[in-house]
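**Student:** Before I ask anything, let me first share the structure, which is written out below as structure tokens.
There are 4 protein chains.
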Amino acid sequence: VADVAVLGASGYAGAIASSLIWRHPFFSLKHVTARSESGALLDEIHPRTRVPLLLEDWDPDVQGEVDAALVCWPHGVSAPAVAELRERGVRVVDLSADFRLRDRDTYEDWYGPHGAPDLFGAAVYGLPELYREQIPGADLVANPGCYPTAALLGLAPLARAGAIKDVVIDAKSGVSGAGRSLAHNTHYVEADENMTPYKVERHRHTPEIEQELAVLGATLPITFTPHLVPLAQGELVSAYVTPAIELGEGELADLYHEAYEGEPWVEVKLGPPGVLEVRETNYCRISVHRDDRTGRVLVFSAIDNLWKGAASQAVQNLNLMFGRDESEGLG
Amino acid sequence: VADVAVLGASGYAGAIASSLIWRHPFFSLKHVTARSESGALLDEIHPRTRVPLLLEDWDPDVQGEVDAALVCWPHGVSAPAVAELRERGVRVVDLSADFRLRDRDTYEDWYGPHGAPDLFGAAVYGLPELYREQIPGADLVANPGCYPTAALLGLAPLARAGAIKDVVIDAKSGVSGAGRSLAHNTHYVEADENMTPYKVERHRHTPEIEQELAVLGATLPITFTPHLVPLAQGELVSAYVTPAIELGEGELADLYHEAYEGEPWVEVKLGPPGVLEVRETNYCRISVHRDDRTGRVLVFSAIDNLWKGAASQAVQNLNLMFGRDESEGLG
Amino acid sequence: VADVAVLGASGYAGAIASSLIWRHPFFSLKHVTARSESGALLDEIHPRTRVPLLLEDWDPDVQGEVDAALVCWPHGVSAPAVAELRERGVRVVDLSADFRLRDRDTYEDWYGPHGAPDLFGAAVYGLPELYREQIPGADLVANPGCYPTAALLGLAPLARAGAIKDVVIDAKSGVSGAGRSLAHNTHYVEADENMTPYKVERHRHTPEIEQELAVLGATLPITFTPHLVPLAQGELVSAYVTPAIELGEGELADLYHEAYEGEPWVEVKLGPPGVLEVRETNYCRISVHRDDRTGRVLVFSAIDNLWKGAASQAVQNLNLMFGRDESEGLG
Amino acid sequence: VADVAVLGASGYAGAIASSLIWRHPFFSLKHVTARSESGALLDEIHPRTRVPLLLEDWDPDVQGEVDAALVCWPHGVSAPAVAELRERGVRVVDLSADFRLRDRDTYEDWYGPHGAPDLFGAAVYGLPELYREQIPGADLVANPGCYPTAALLGLAPLARAGAIKDVVIDAKSGVSGAGRSLAHNTHYVEADENMTPYKVERHRHTPEIEQELAVLGATLPITFTPHLVPLAQGELVSAYVTPAIELGEGELADLYHEAYEGEPWVEVKLGPPGVLEVRETNYCRISVHRDDRTGRVLVFSAIDNLWKGAASQAVQNLNLMFGRDESEGLG
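Chains as they are written, first to last, in the working numbering: chain L, 14 to 344; chain A, 14 to 344; chain W, 14 to 344; chain P, 14 to 344.
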């Protein structure tokens, strides 16, 4: 058994992560923290978790007494806490963006000054399907963003095949992707029956996707536009690839089936996925199509943004770090 | 006053069209028809219309006694009825796809045999912002598809400027776009909290968009993918244009403002539109952006698929055909 | 033409009221105010209004220069502003609860100290179907709460007939009923797919309903429980009446048809109403049923909480106050 | 291990039941049937189940070869199949209404002729919290209706205390309660943003609730009105009790806590429940309140209509029938 703390448990991803750890056969949930709601029980704030633990203030001397921590705080705030946890020997999965990028200038261009420069570059990128070998030995894992998770799983087979000349990524996310902070665009009355692009040209997941595509062999600037759609949880990436090489329907199908054969949490399907099919699961469901009229390759990739896009993927990483079956406790 | 019949008034677009004509200062709604629900009152089937007319069976000798008809039937079924109406001198706005395409082979490739070959090619394409001069003299107007309406209004300024080298159109529609016919993918339980691409590579609005882009000066095959999203009415087109010429942010803004200055139903905005902003209106709301990282031009275009994408645009066309102010009765 | 100011135009009811006045044939919208968003254009905050007026800070010397005002502020805040407007001779429809109650103790029990005691009791209760004679002469009209509007229109015929011995009112409202202020229970992710009773035993519309039932002849304490349901606009009242006198189905139907014959905005129907049928209208739609097994009388009453329950009813009152047709400008 | 068949697995409750049995530690899912979709894989029709079994036609010689069956067919159709299964010695949980009522005349009044008269009265009513002792020995268990489940768990403590003089039950259900059959009132466009009472005075769960209340000690006719609300899964019962005896807040709280202490699937809470809190669980969450103004007792009871109201309760019953922990496989 390993003791775990979840920092930022009152957010949507943090609450689900807490719930998964609470019911996990190997991990034991010892602490949950919240910045503004400490003193309440987690299951008062998030009844669905049914985790009757008191939300605590963040105190490295208290929560630092565990074996592992999931840090579910926003970028900027996360890095210093991660540094304190690491100093105490706690193994960390960080769900913020603070440790995902490898290039310091890129980080600062998109996010501003880094909160723990000494640790910059120290993390393994926690997309198990791409970094399964490196994660077990890591003490710090940077859990991917929700859009990068869906986009990279969707594009990896093409990127590795050298088949991406250009790509447009049109992404759609449920409202929980905007977090639990209060704002008018997530008020029910303004989000309901609405749908809109947001952060056009400047969503911070752009450099993260580009970085990992480059690692896979596709170095190019991408066009990435997220949209807010009226549902709670679920994310769909529609990727439009101008191929660098000629690939027929059959070759595409083979490429994807080979890439994901044996993967427990990636499902390659003939027809395009719906986000409800992966709701509240760790699955990523993908389809690939060739548009004969234009030669483009179309990839659709669906996840639950709070599960595979955040909380359950964090637990998948934690399982790998502690030598457990990576699917343990994921239902 | 001109007498009007609405054929197919029990569908979603037909019901709204009936409601608009019923309250119109110039037109007088004389007949409404329905194939399977004749004998009921329209406002029993569609209470929001508050149109207390009996739904009739289609009978050319009955409904043919009017000055104008809006035909809200599916393609294939529509053409023969339009032919019968035209023979009786009735001026028609056809909301189906039967008279939108100019090339017979293209029609047959995508839709099968045409139901009134003698009339093929006889219609004016009823997008008032592009064909305002031709519509008044027309006896048969082909009301555009919902996706073509949003896509063409969004892309027309670029197409006319010779600025479109390539374009990916990712479109999202509310569930009413699938019509009132019963099917599991429109059952509340299966559409709610879901979102999925559909008719990948083969949506029939593709050749219609290509045809009209070519008229505007952009002859190219397009990639067009619609998605179903969980809201009742509303449609968003996200168009990703690889530009043929260099256009800065300022030039783009100028291009769009010049194109739509004075247009009563097109709104060009700085920020991306939300579909709720145009709900139950005849407006199309557009924003245009230049992605400096990739050089792409992004256009977002929002309409209500049942209003500007169908019923209210049909009334706008009817207004023009009868020499009325094109906005009359549109609220 | 009469000049109008809308105070609190950035709230949901205020925005709709502004939009209705902006397009009204007789009234002219001169000022719109907002407490925290002044300086912005109303149509930036609420694009659907398409009212391009600047939101101003409240200044009695500025907005007091009009003929009439709609005050869309919360109770407590509203009364002093109403007093200042009245001092300047402005005729006011107040949408808050500040002037609805006739008994000062009751007001203070439920709401605390009153903000303009000199004006207490000076208002006519603005339910036109009940007070049509008094409203034209009033300088201050207290616009009813949304639940009282639906409940009283539903119960008035029974109350006047002396037929209410006891009543349970189970009410359900869309999320806009909770206002535009930010809170977790109106965050999309927490309201979506949820439904819950709220303010059990202590919703402030209780004494308002009791007061007006007593005026109609039914003096009794009521049980009133509102519920939050996942839709934006719409309110349904289900009233379960233990009858004081025996009334058959036919007598009930007659009672309701006589009561509302000729009423422009009340629709009595055989089958139970759905809130979508009255969405974005000033209609109240009612059905009445006798449960033969228990002898109870069931009344269902549906309105749009932001329209007949607030903004459009305020305009209906304003029409009456200025001697206009009460339906003018209500679509 | 016991082999199980699910009849009617393509409906919403049947699909969830199949999914629960498929992952159950003790039961083994051998057959799934569907009337109109046989030949397809269950996970093609219901991807979320991830049950890759072929849907079969109903054949007693095939599906009769199991130890137990869950019959998820509508009333009338269910009884003959249950009879055939029982003849072959299969132990059955029937999710239809066919075996819930104890009085044959009442059954025929509400449902028409019974499809297996010889078995009428042979079933134990499968509400484990009330019949936990009888279920283990039963070969036929009648799984309760969704509304009776929520209503009876909410009212049982009061009924047993002789405290119910009269009761009004106002119930609200998500759209899945209407089943998967296609109809306009469950079309997304007509259910979305809507809410309406249905089957006023004549919902068939009425006699079932009355029967079981009588068993508990409260013999009275009830007023029961269900409403359709725009969410997929979730059911809320608001019960308004005129008490037969005086009970203070504290006594009420004690009554409920004593009644449900140790119950694994009933949660008594201080504040009123939201249906999202029990979504996709076997929990029933209850609060009880005393309205001091009227003396009424208010009870709110929330379940997931497809889980505790159907599929998971069926598995809970099956667990009891086979001597397993009643919570096994319920997550």
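Just so it is clear, CB atoms sit at the ideal spot from N, CA and C, and this is done for glycine as well.
This one's a predicted model, so the numbers in the text were calculated from it and none came from an experiment.
Along the chain, where does the alpha helix (DSSP H) containing L/R173 start, and where does it finish?
**Tutor:** On the first sequence, residue 173 of chain L is found 160 positions in, with the first residue counted as 1. Here the alpha helix (DSSP H) through L/R173 covers 159-173.
**Student:** Can you give me the start and stop residues for the beta strand (DSSP E) that P/A30 sits inside?
**Tutor:** Your numbering for residue 30 of chain P matches position 17 in the fourth sequence. Run containing P/A30: none in the beta strand (DSSP E); it sits in the alpha helix (DSSP H), 25-35.
**Student:** Confirm the yes/no value for this check: CB of L/C297, any heavy atom of the ligand ZN, distance under 7 Å.
**Tutor:** Only the bare structure without any ligand can be found here, which leaves the ligand ZN out of the picture.
**Student:** Compare the C-beta of W/R61 with all C-beta atoms of chain A and state if any pair is closer than 8 Å.
**Tutor:** For this step, residue 61 of chain W is matched to residue 48 along the third sequence. It does; some Cβ of chain A falls within 8 Å.
**Student:** So the candidates are L/H197, L/V180, L/A163; which of them puts its Cα closest to the Cα of L/S186?
**Tutor:** Position 173 of the first sequence, counted from the first residue, corresponds to residue 186 of chain L. Taking only the C-alpha atoms, the option nearest L/S186 is L/A163.
**Student:** Using the C-alpha atoms, what's the distance from P/G24 back to A/L54?
**Tutor:** Your numbering for residue 54 of chain A matches position 41 in the second sequence. Your numbering for residue 24 of chain P matches position 11 in the fourth sequence. Near 33 Å, if we compare the C-alpha coordinates of P/G24 and A/L54.
**Student:** Do we get a CB-CB distance below 8 Å when we pair W/E206 with the residues of chain A?
**Tutor:** To locate residue 206 of chain W, count along the third sequence from 1; it is residue 193. W/E206 counts as touching chain A.
**Student:** Curious, which full-length alpha helix (DSSP H) runs of at least 4 residues does the segment 195-237 of chain A contain?
**Tutor:** 201-204, 218-229
**Student:** Looking at the C-beta of L/R115, does it have a partner C-beta in chain A at a distance below 8 Å?
**Tutor:** Translated into the one-based positions of the first sequence, residue 115 of chain L becomes position 102. With 8 Å as the cut-off, L/R115 does not count as an interface residue toward chain A.
**Student:** Any C-beta of chain L within less than 7 Å: which residues of the segment 294-313 of chain A qualify?
**Tutor:** H302, D304, R306, T307, R309, L311, F313
**Student:** Does the beta-carbon of L/I299 have 16 or more other beta-carbons within 10 angstroms, so that it is buried, or is it exposed?
**Tutor:** In the first sequence, counting from the first residue as 1, residue 299 of chain L sits at position 286. Flag for L/I299 reads buried.
**Student:** Looking at C-beta atoms only, is the number of pairs between the segment 38-54 of chain A and the segment 326-343 of chain L that lie closer than 8 Å three or more?
**Tutor:** No: the two stretches stay apart, fewer than three of their Cβ pairs being nearer than 8 Å.
**Student:** Compute the Euclidean distance between the alpha carbons of L/L165 and L/V281, then round it to the nearest angstrom.
**Tutor:** Counted from its first residue, the first sequence places residue 165 of chain L at position 152. Counted from its first residue, the first sequence places residue 281 of chain L at position 268. Distance between the alpha carbons of L/L165 and L/V281 is about 14 Å.
**Student:** Use the C-beta contact count for A/S325: other C-beta atoms within 10 angstroms, 16 or more gives buried, fewer gives exposed.
**Tutor:** Position 312 of the second sequence, counting from 1, holds the residue named residue 325 of chain A. By the neighbour-count rule (16 or more Cβ atoms within 10 Å), A/S325 is buried.
**Student:** Along the chain, where does the alpha helix (DSSP H) containing L/T119 start, and where does it finish?
**Tutor:** Within the first sequence, residue 119 of chain L is the residue found at index 106, counting from 1. Per DSSP, L/T119 belongs to the alpha helix (DSSP H) from 117-124.
**Student:** With DSSP collapsed to three states, give me the class of A/R113.
**Tutor:** Here residue 113 of chain A refers to the residue found at position 100 when the second sequence is read from its first residue. Residue state, collapsed to three classes: coil.
**Student:** For A/V95 and A/A129, which I take to be in contact (beta-carbon distance under 8 Å), what is that distance rounded to the nearest angstrom?
**Tutor:** Taking the first residue of the second sequence as position 1, residue 95 of chain A is located at position 82. Taking the first residue of the second sequence as position 1, residue 129 of chain A is located at position 116. With a Cβ gap of about 6 Å, A/V95 and A/A129 count as contacting.
**Student:** Within 8 Å (strictly less), CB to CB, does W/K185 reach chain P?
**Tutor:** Working through the third sequence from its first residue, we reach residue 185 of chain W at position 172. For W/K185, the answer is yes, since a Cβ of chain P falls inside 8 Å of its Cβ.
**Student:** Name the chain L residues that come within less than 9 Å of A/Y253, Cβ to Cβ?
**Tutor:** The residue labelled residue 253 of chain A in the question sits at position 240 within the second sequence. Correct list: V181, D183, T236, T238, Y253.
**Student:** CB A/T238 to CB A/A315, shorter than 8 Å?
**Tutor:** By one-based count along the second sequence, residue 238 of chain A stands at place 225. By one-based count along the second sequence, residue 315 of chain A stands at place 302. No; because the gap between Cβ atoms is not below 8 Å, this pair is not in contact.
**Student:** Between the C-alpha atoms of L/A36 and L/L66, what's the straight-line distance to the nearest angstrom?
**Tutor:** One-based indexing of the first sequence puts residue 36 of chain L at position 23. One-based indexing of the first sequence puts residue 66 of chain L at position 53. It should be pointed out that residue 36 of chain L corresponds to Arg in this sequence rather than to Ala. When only Cα atoms are considered, L/R36 and L/L66 end up about 13 Å apart.
**Student:** Does any residue of chain A have a CB that is nearer than 8 Å to the CB of W/E290?
**Tutor:** Within the third sequence, residue 290 of chain W is the residue found at index 277, counting from 1. So yes, W/E290 belongs to the interface.
**Student:** Can you tell me where the beta strand (DSSP E) holding A/P256 begins and where it ends?
**Tutor:** Taking the second sequence and counting its residues from 1, the one referred to as residue 256 of chain A is at position 243. Start and end: 248-256.
**Student:** Excluding the 5 residues flanking W/D56 on each side, which residues of the same chain have their C-beta closer than 6 Å to its C-beta?
**Tutor:** Counting from 1 along the third sequence, the entry for residue 56 of chain W is found at position 43. For W/D56, where only same-chain residues beyond five positions count, the Cβ hits under 6 Å are T62, R63, V64, P65.
**Student:** Please state if the CB of L/E97 and the CB of L/P73 are separated by a distance shorter than 8 Å.
**Tutor:** Translated into the one-based positions of the first sequence, residue 73 of chain L becomes position 60. Translated into the one-based positions of the first sequence, residue 97 of chain L becomes position 84. Yes; because the gap between Cβ atoms is below 8 Å, this pair is in contact.
**Student:** For chain W, check one thing: does any of its Cβ atoms lie closer than 8 Å to the Cβ of L/A245?
**Tutor:** On the first sequence, position 232 is the one that residue 245 of chain L refers to. Closer than 8 Å to some Cβ of chain W, the Cβ of L/A245 qualifies, so yes.
**Student:** Counting pairs of beta carbons, one from the segment 215-234 of chain W and one from the segment 217-225 of chain L, are three or more of them closer than 8 Å?
**Tutor:** no
**Student:** Could you check whether the Cβ of L/H200 sits closer than 8 Å to any Cβ belonging to chain W?
**Tutor:** As a working note, residue 200 of chain L is residue 187 in the first sequence. At least one chain W Cβ lies under 8 Å of L/H200.
**Student:** Unbroken alpha helix (DSSP H) runs of length 4 or more, entirely within the segment 59-120 of chain L: which are they?
**Tutor:** 73-76, 91-100
**Student:** If we call anything under 8 Å between Cβ atoms a contact, is P/V181 one with P/Y253?
**Tutor:** If you number the fourth sequence from 1, residue 181 of chain P lands on position 168. If you number the fourth sequence from 1, residue 253 of chain P lands on position 240. Yes. Within cutoff.
**Student:** Identify, in the order they occur along the chain, each residue of the same chain with its Cβ nearer than 6 Å to the Cβ of L/V137, setting aside the five sequence neighbours on each side.
**Tutor:** In the first sequence, the residue the question calls residue 137 of chain L occupies position 124. Hits under 6 Å: Y144, Q147, I148, A151, V154.
**Student:** Three-state secondary structure (DSSP) at P/Y138?
**Tutor:** Sequence index remark: in the fourth sequence, residue 138 of chain P carries index 125 (1-based). Judged by DSSP in its simplified three-state form, P/Y138 adopts strand.
**Student:** How would you call P/V14, buried or exposed, if buried means at least 16 neighbouring beta carbons within 10 angstroms?
**Tutor:** As a working note, residue 14 of chain P is residue 1 in the fourth sequence. Flag for P/V14 reads exposed.
**Student:** Pairing CB atoms from the segment 264-278 of chain L with CB atoms from the segment 27-34 of chain P, are three or more of them under 8 Å?
**Tutor:** no
**Student:** At the 8 Å Cβ level, is A/V188 part of the contact set with chain P, yes or no?
**Tutor:** In the second sequence, residue 188 of chain A corresponds to position 175, counting from 1. Chain P, which has a Cβ nearer than 8 Å to the Cβ of A/V188, makes this yes.
**Student:** Give every residue of the same chain whose Cβ lies closer than 6 Å to the Cβ of W/V312, excluding the five residues on either side of it in the sequence, and list them in chain order.
**Tutor:** By 1-based counting over the third sequence, the position of residue 312 of chain W is 299. Answer for W/V312: G167, A252, V301, listed in chain order.
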